[in-house]
Every structure is written in C-alpha cells, then in structure tokens.
Amino acid sequence: MAAATDILMPSGRALRQSLDKDELIKRGLLVVISLYLVLSLAAPLYVMLSKSFSTYSFDLAAFEFQVSDKLGNFGEPATAAALNEKLAAVPPEKLATSSDGRLPATSFFPDFSFRSPVKYKIRGTTDDASFLIGTQLHHGTEWQEVDSNTFRRIMLRPARALGLENYTTYFSTPTLFRSIQNSFLIALISTIFTVGIAFGFAYALNRSKMRFKGLFRLVAMAPILVPSLLPGIALIYLFGNQGMLKSLLGGISIYGPLGIVIGSIFFTFPHALIIISTALAISDQRQYEAAASLRASKWRTFWVVTIPGARYGLISAAFVVFTLVITDFGLPKVIGGQFNVLAVDIYKQVIGQQNFEMGAVVSVILLIPAIAAFFVDRLVQRKQVSLLSARSVPYEPKPNRRFDLVCLAYCSLVALFIAGIIGICQYAALVKFWPYDLSLSLKNFAFGRMDGGGWASYYNSITLSLLTAVLGTVIVFVGAYMVEKTEGFRTGRTAFHFLAMLPMAVPGLVLGLAYIFFFNNPANPLHAIYGTMAILVVCTVTHFYTVGHLTALTALKQIDREFEPVAASLKQPFYRLFTRVTVPICLPAILDISIYLFVNAMTTVSAVVFIYTTHTALASVAVLNMDDAGDTAPAAAMGMMIFYTNAFARILHVAVSKGILKRTQAWRAR
Amino acid sequence: MTAAGNTAYLQIEHLWKAFGEFHALKDISLDIKEGEFICFLGPSGCGKTTLLRAVAGLDLQTRGVVRQGGRDISTLPPSKRDYGIVFQSYALFPNLTIERNIAFGLENTKRPRVEIDARVKELLALVGLPDQAKKYPAQLSGGQQQRIALARAIATSPGLLLLDEPLSALDAKVRVHLRHEIKGLQRKLGVTTIMVTHDQEEALSLADRIVVMNHGVIEQVGSPTEIYRHPRTLFVADFIGETNKFDATVAAASVSFGAKAFRCAPHSFANGDAVVAAIRPEDIIPHGPGSRSPGAPDVVKSPENLIDVTVGEMEFLGSFWRTRLRGGELGDEELIADFSVNATRRLGLAEGGALTVELPADRLLVFPQGERHGGGH
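Keeping their order, the protein sequence lines are chains V and S.
The numbering of the first sequence is this note's numbering, which starts it at 13 and goes up by one.
The numbering of the second sequence is this note's numbering, which starts it at 82 and goes up by one.
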C-alpha cells in the first residue's frame, strides 16, 4: 500500500466533464448577461476614455487642390499647407478643433467666387484625409472635380490624434481647474457634517430608550424618495433672493457652497445613517459589561469601545457620502450659483458648449475619486464582516431619563430639518405666487404649461421605473445566481462579478456621457436604441446594478450549497430548482431589489440627463429644467409628485411583501 | 459479504485528483459489488469525500476511470449518472413540504400524479414518518429531516446511494438509532451504498466492507472484522480501535521490546529490522499469579509471551477497566490493557498489585517503523 505514494500521476490533460444541457444553458445565460454589462458599461466607458485622449486638428498637408483657368485648363496642384503658408488664411491656433470641426476649402482661395466658371479639383494626399462635398463624405487620394458653386460647399474634416492635449488644456484653464478644488472642499465639508449628524442619530436610535424610534426611522429615510435637487429648491424658497428667512443668513448667499452643503447633508443623510446604524447595532453587549466591570467611565467606554466598534461603519459611511456629494449634479446645478463643481462642469461642457472631448476629460477626473472611494469601501466592508462573532450578545440599552430626553431632542431637531425641507417644497408647490400671494391652488401642477415635458414626463418616469424595476430585477438576480450557484467556468464568473461591481464606482453623469459617445455613433449597430425609452432603462439598470447584485448575492449565499447537486442527482433541470426553490426562498431580497430600482429610477437625474429626448422626458429632469427656466414652483410640485409616487411605492412594497411573505414563507415559522 | 453479489457494479480504476501540486487522491482503484454497503473511513483530509464526489461527478477526478454497471461514467455530469445522494446538511428544500420534497425527483417525469402520491406515501412509510407529509422541514427534528432526505434520495430508485457523513450533524442517541434504520433500509432495498464517515464505530457497524483511507491512498479494504482483527498497516491498527505501540526489533518469529523477546504474528521482515510492535488492549489476557510456573493451566496459548507486571492506574469505563501495566520485562514501556469487569473481580485486580499477563502471539502484530504516508507533503 505504501508503494502507492511512489507512483507518479500519469501525465496528460486533466479530465473534463462533458456538459449537459443544464450547464450549457447556464453558461449561455452568463454570457448573455455578461454581454449586457459589456455593452451597457464597459464599452461605453472605454469609448469615453479614448474620447478624452482624442484631439482633432486640420492637417493642411493632407489636402491638395488644383484650380483651372476660365477655359477649364488645370494648373499645378498645391497642398492646402502650401497655400496657407502664402496666404496665412488660417492661423495655426485655429487648426485645433473638435470632432465636429469643419474648415471651408474656400478659405485658401481669397478670390473665390461661386459664379466664376473656374473649376476646382480636390484630393487627399493620404488615405485618411477626409472632406465633405455637401453632405457626402469623401476619403482618399482620388481627385474630385467640382464647379465653383459646389466648391464652396467643400468642407475639410479634421484628423484625429491621440494625446494628452485635452488634459493639458483642462489643467491650464483656471476656471475648470478650480472646480476640482471646489468639489473636494464641498464633498469634504458635507461628509464631516453628514457623518457627524448621522452618527448622533444612529447612536440615539441604537443606544437609548427614547420614544418614537419608529417615526424617526421613517422620517430619516424620506430623503431617499426625492431627487437630490429638491432640497436645493426648498433652500431657495427659504433663503433665496425672495426667501422668507433670507435675513437670517446675514448677507451670506445661499447660492453657492452653503446651499450645496446643506442640501448635500439632506440627501446623503439616510445613506450614512443606514451604514452607521448597522455598525452600531452589531456591537457586543459583553464588551460594555467588561468595560463596566473595569470601572471605565462612560466617556472612556465611548472612546474605547463604541467608536472602535463602529469605526468601519464610520469610514464606510464617510466614503459613501463623499462619493455621493462629489458626483452629484442636480443640487449644485440648482443652488450652486457661480460656484463651479466638477459634475456641473461636465454638464456645461457637453450641453452648453458641445465640447464633448472636454466633457470626457472632466468625467475621467471625476471617476478617480469615485473609484478610489469604491475600493477603500470594499476593503473596509470586508473587514467589517469578521468583526461580529456568532456568539456576540446584542447590546440592550437601559433606560436613562436624562440621556433619553437629550436623544429625543436631538432626533426631533434632525427630523424637523428633514420634514421641514420636504414640507417647504410641499407648501411652495401649493401656493399661488411666492411670496406675494400665499393662497393655495393646484395651478403649479398644471405642468402642461411649463417647459420640461409636462405630465408626459411624469408618466415616462413611471414607465421607466416600472421597466427598470421588473427587467432590472430579473437581470440582476439571474446574474447573481449564475455567479454564486454555478460550478466551474471560474474565469467567466470572476470577470462577471467584477463587471457587476463596477457601476458603483461610476457616477451617473459619467455613465450618461459615455452613452452618448457609444450609442450615438451611427456606426454602432445599437444606435437604434438611442433616443428611446430602451436606452434610459438600460442606463438606469446599469447605473444601479451593484447594490441589487450585492443584495442578491447575500441572499443566495445563505442557501445551502448542496441544493444544486441534489437536484442534479434527481435529474431535475436547474431552472426547476431555480423557480421552485431558489426564487421563493429569495423573494424578500428580490422585492427589495425591485423597490430599490424603482425608487432610484424615479429620482435619478445625473444618469439620464444626457440621453433623454423630448418624447422621453422624465419627471426628475423636468424638475431640473423647470427650475432652470425659472418655474421654481412647478419644479417643486413635480418634485413632490416624485415623492408621493415613491412613498406610495414604498407603502405598496411593504404591503405586498407582507402579503406574499405570509403566503409563500409559511415554512419560515416553526 | 452478506447481500453482495459477485459482479463489480462500480469500478474505480487508477483515480487521481490533483489540486495544483497537491494530490488529494493517488491512484485509487476499487471494485464495489452490487448491493454492497461500503464505508469510506478515514481522518479529515484523507480524500474520502473527494472520492465520493468524484463518483458523484460533483468534483471531477483529474485522471482515472469510473464505471457503473459496466457503463463508463468518468466524465458524465451528475444529471447523467444514476445515484441518489444525502448530505450532512440534509439539503431539504425549506419552502417545500415534506411530500413535495420527496416528490421533487418524481415530478416532471411524465409520471401520473396518483402514482407519485402513492410512491411518496410508500417512502414516508418506509422511513417511518407516515404522518408528516404536510409539514415543512423546519418543523421536523434533525433525525426526521435526515430520514426525509434519505427518502428523497431513493425515491427514483437509483442504482447507487451516496451518503456523505449523513449522521455527523445529529446527536449521539439519534445517530445510533438512525444507523440501524439506514442499515435496515439498505438491506430491504438491496441498493449499492457508499457512505463517507470519519466515525469508526459507524463504519464497523454498518459496512459490508470498509475502505480505510489516509493521505489520498487506500490503506486497506476489508470486512469490519478483517479491518479490526488484521489491520494491514499501523495506520489502520492505530485509527480503528485502540492499540499499544512499541518501537521494537524483529527476529525470525519474535519481536523484542522492553526487556524481552515476544513471539509474534508471522511477518516478512529481516532479522534485526527496526519495527513497531502493536497489540490491542482487549487482546491482553490476564492470568493469576503463578501462571508461568511449570504445569500451569493450558489456557495459556503463548507461554513464552507471559510477563509479570505491576498494575498501575485503573480507569473504570463501564463494561471494562482500562488498566496501565508497568515494570518487570516491560522495562520502561507502559502497556494499556482492557480487562473485563468479571476478570478484574475474579483476579482481584487493584492498583499496585502484581499480575501476569499474556500477549497472544497471533495478536502481536509487527509493522514497519516510521510508516507514515507522507506522500502529500
């Protein structure tokens, strides 16, 4: 027997399992969903990246002309470069242009007249040189002969080169460069405030015996239900040029950093609260008992036990808030005034100046902090998991009248701030003409008379949200299932998991801009979906993919790994196990994913602002556009419509969840 | 042995499993007869589960052939093989009732509903849980859940039943009880069964044949009594049951340790080889003082293997006394012996007393020294 150890394994290839239909279907599905993420995420981002390195300029040496006399006898050919040298018609700095640049060929012929009988010939000196005759694009070194009337319609097209020029331009433009500083400053200040306030709130919720905890939790989550620019509108009503509390600010303008910070605290608060509250909730009672038995003071216990226990939560929350603020676009657009930030720069470069290359450059710069924050967060999350052992005893607060009262007062204050912001919007939406006629009316809800798409935009939003919720949930859950519950094909699954994690690090505005570059290219066979509801759904699903993916993974990981082998040994196809066992067990998580997608599809502005069209206008974008056009009250009204819808969806979700769970989760009860 | 036929139903030939440089299975070959109950027994990491999963097609072997009923199934996916499987975790579908769990493999096969229902009833009766059909798994005890898992695995009448440590998650009493039921069920159905376990008692009581594994190789294959009485390697002797081990040197028919040469079981070592001598505690026979004198009763089988010792600590373990023996010809060695309560009383054994014991020659086994299958590292 011992001799067996001396035998060497016969050389040759390792055996491979023959694939059954099941495995083929699974791999097929994984490929399809991977392809979806490649086309909706990786490819657009790649195109955008290459765009940011693309510069365009007219290469005059690449074009050659011949001119005839009045009888049609052509003279010697001359390149545009040679002509320009003689005439100095186009100064060198005018040669740099954008991808859409056009240079009239007539520039090089000062005595050109479109009535003259003179004829012209043009050709490229290289195969890449291109020029337009009318709308017809020509390439190459073939001579094209035209009469003078046609010649005036000849436009030279720029040549594309790869380089860092866009970046050099960016960093040497002080107004653009200052945005980096502004963005970081705003994000940093907002992060400090939000995390601080949220920590206090979470501490009160977890460590006191105060009353109304349920109500406070409810109010604290409200900001998730509205677009991030809504607090901006509320702040304008309170402290804006005609605001009722303007005097309180003592001359400091709300338009600018102050407004952005306050608004940011509002819309990032629930995100920070969820993370910190989770971190505080998992702390171990025994550590506090140990501290008490060592006679540590409360103050010391707080710094030695509480803060270290919650440190991963705090770090994680800080990075999430920082990323949210620095990538947010709606709020600074509404209340930023002259204070430039990166996200608004992208919008201005693209929508205002049609400078797509520069928009791409700013996008890439905005990607850097977002990706950095993403990786730090993943690192911290991984450590957090191991913090809680199975034997930990959950902390149970004891009543303490004074402490509970302080907590109640603090939470009331924060809740008042949140409810106040939404209340102001509600009020503004209902009064006739702020601040002169405060009588109530519904005229601000007559969106048909404003810019922004009217009620149609609201219905579009509903359509988008429903489609996103349904299709997104299917894609996300099936994708997560393939990652978690297939054997083999490891490389494919790892690559897919990476793709699924990526959207978290990509700001919506960046994704939207990447979509323009990718889908608005006529050469792309997917060009057909540009300008349709389909591209909005694809964009939104992709933008919010990661959270759904993680939720699904968490749920799937809790399912016994042996279900698949058992089903296979019983000769049952995987989809039967999937529909009869996996999906029913994961139903709570599936419902969570769908409501998450719905609510975010209702409120998102940044991801869709570049790719909506007049007939696919959305409610959240309408808020932005109506505010931009000065129709602030209707903007507030539309914002409130989003709030009602999301609140309704949330209530419906709770009711449906309870109903379905009661019916399908009977097995959970013992 | 008992219910086994003569043809090899499952043939495993030269199976290897490599994880990078590490070889979890090394050239495993094994024939299993139809209707046999086989246990893969070994410490954790010995490769027993890897071997089972290779047979099931869940973790494909790197090299080697597996044949079931004459059919080469080496690279077939699990769904194309013919077996039922029960895991330690039961793996019952929590959201389906007991009857739907059992029926899971029967549905979707064009069987009429009535037939399925009848089969489920039959299976529930077979595992002794006829009135639990409508309950959910979480409402049953661990032992009941494992019986349902068993019923589900045999529902489609597979040719092979694989049990992956099915009893490990249960508490001791339930485990012994379920052990009997599994054995009874297997006898009744006559289904070829492979069970993986690290519990020797389980293997000894259930198996027709035990496959003892260590470090990716098979140490010995044999019936429980063979394995126990005639361990082929020191590992087997040591892993199954208790054994005394002594570093020793051999001569033609004897082995020396302590201060004495003992006659031993036949072996193939050369004179003077360094070996390990081993004897089980319960094989040591106590005799009253004076048994060595001429004319002693002829119950002594190996008179030359009698030694006088001093009784050391005695530990009462219910049916026997575990006794440490020292001194005399044992030299510095210590011998552990299990004496029945009867013998202890009859001989008036007490700590510190004198005693003559016999190490029967046929029970004194000799193994090569330093025999540790370290091929894996």
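Beta carbons: idealized from backbone N, C-alpha and C, even for Gly.
Bear in mind that the values here come from a model prediction, so they are computed numbers and not experimental data.
Annotation for His509/V: the continuous alpha helix (DSSP H) segment containing it runs 502-513. Of all residues in the stretch 223-249 of chain S, the ones placed with a Cβ closer than 7 Å to any Cβ belonging to chain V are Thr237, in chain order.
Counting every other CB atom within 10 Å of its CB across the protein chains shown gives Arg169/V a total of 16 or more, marking it as buried.
Taking the beta carbon of Arg144/S as reference, the chain V residues within 8 Å of it are Met21, Pro22, Gly24, Ala26, Leu27, listed in sequence order. Within a 10 Å sphere around the beta-carbon of Lys38/V sit 16 or more other beta-carbons, which makes this residue buried.
Residues of the stretch 127-160 of chain S with a Cβ closer than 9 Å to any Cβ of chain V, in chain order: Arg134, Ala137, Gly138, Leu139, Asp140, Leu141, Gln142, Thr143, Arg144, Gly145, Ser155, Thr156, Leu157, Pro158, Pro159, Ser160. Taking every protein chain shown into account, the CB of Ser375/V has 16 or more other CB atoms within 10 angstroms, so this residue is buried. For Arg588/V, the neighbours in chain S by C-beta distance under 7 Å run, in chain order, Asn189. The three-state secondary structure of Met545/V, taken from DSSP, is helix.
When C-alpha distances from Leu285/S are compared across Glu363/S, His311/S, Ile321/S, the shortest belongs to Ile321/S. The Cβ neighbour count for Arg28/V, taken over all protein chains shown within 10 Å, is under 16; the residue is labelled exposed. By the CB criterion at 7 Å, Val447/S and Val336/S fall inside the cutoff.
Identification of residues in the stretch 276-294 of chain V having a C-beta nearer than 9 Å to some C-beta of chain S yields an empty set. Relative to the Cα of Gly432/V, the nearest Cα in the group Ala232/V, Ile264/V, Val317/V belongs to Ala232/V. Between Val595/V and Phe174/S, the CB-CB gap reaches or exceeds 7 Å. Inter-residue distance for Val611/V and Asn658/V is about 6 Å (C-alpha atoms, whole angstroms). In the assembly as shown, Trp315/V is an exposed residue. Its beta-carbon has fewer than 16 other beta-carbons within 10 Å.
In this structure, Glu154/V keeps its C-beta atom at 7 Å or more from the C-beta atom of Thr67/V. When secondary structure is reduced to three states using DSSP, Trp402/S falls in the strand class. Taking C-beta atoms under 8 Å as the contact rule, Pro646/V and Met462/V qualify, at a distance of about 5 Å. Look at the beta carbons and you see the stretch 313-331 of chain V touching the stretch 280-289 of chain V: at least three pairs across the two are nearer than 8 Å.
Close to His104/S, with beta-carbon spacing below 9 Å, are these residues of chain V in chain order: Met21.
Against chain V, the beta carbon of Ile166/S has neighbours under 7 Å at Pro577, Val578, Ser581, listed in chain order. Inclusion of Ala117/V and Thr91/V in the CB contact set at 7 Å is not warranted, their separation being larger than that value. The contact set of Gln584/V on chain S, defined by CB atoms closer than 7 Å, consists of Phe185, Gly186, Asn189 in chain order. Residues of the stretch 482-496 of chain V that bring their beta carbon within less than 9 Å of a beta carbon in chain S are absent altogether. For the stretch 31-59 of chain V, the set of residues with a beta-carbon nearer than 8 Å to any beta-carbon of chain S comprises Leu31, Asp32, Asp34, Glu35, in chain order. Within a 10 Å sphere around the beta-carbon of Lys98/S sit 16 or more other beta-carbons, which makes this residue buried. Under DSSP, no beta-bridge partner is assigned to Tyr470/V. The alpha-carbon of Asp153/S is positioned some 10 Å away from that of Leu91/S. Minimum Cα-Cα distance from Arg344/S among the listed residues His95/S, Val390/S, Val331/S, Ala355/S corresponds to Val331/S. Ranked by Cα distance from Asp32/V, the options Thr156/S, Thr178/S, Gln149/S are led by Thr156/S. The C-alpha of Thr278/S is placed about 11 Å away from the C-alpha of Leu287/S.
Setting aside the 5 residues that flank it on each side, Pro347/S is surrounded in the same chain by Ala334, each with a C-beta closer than 8 Å to its C-beta; the list follows chain order. Its Cα nearest to that of His95/S, the residue Leu106/S stands out among Glu102/S, Leu106/S, Ala431/S.
With a contact defined as Cβ atoms closer than 8 Å, Leu111/S and Ile299/S qualify at about 7 Å.
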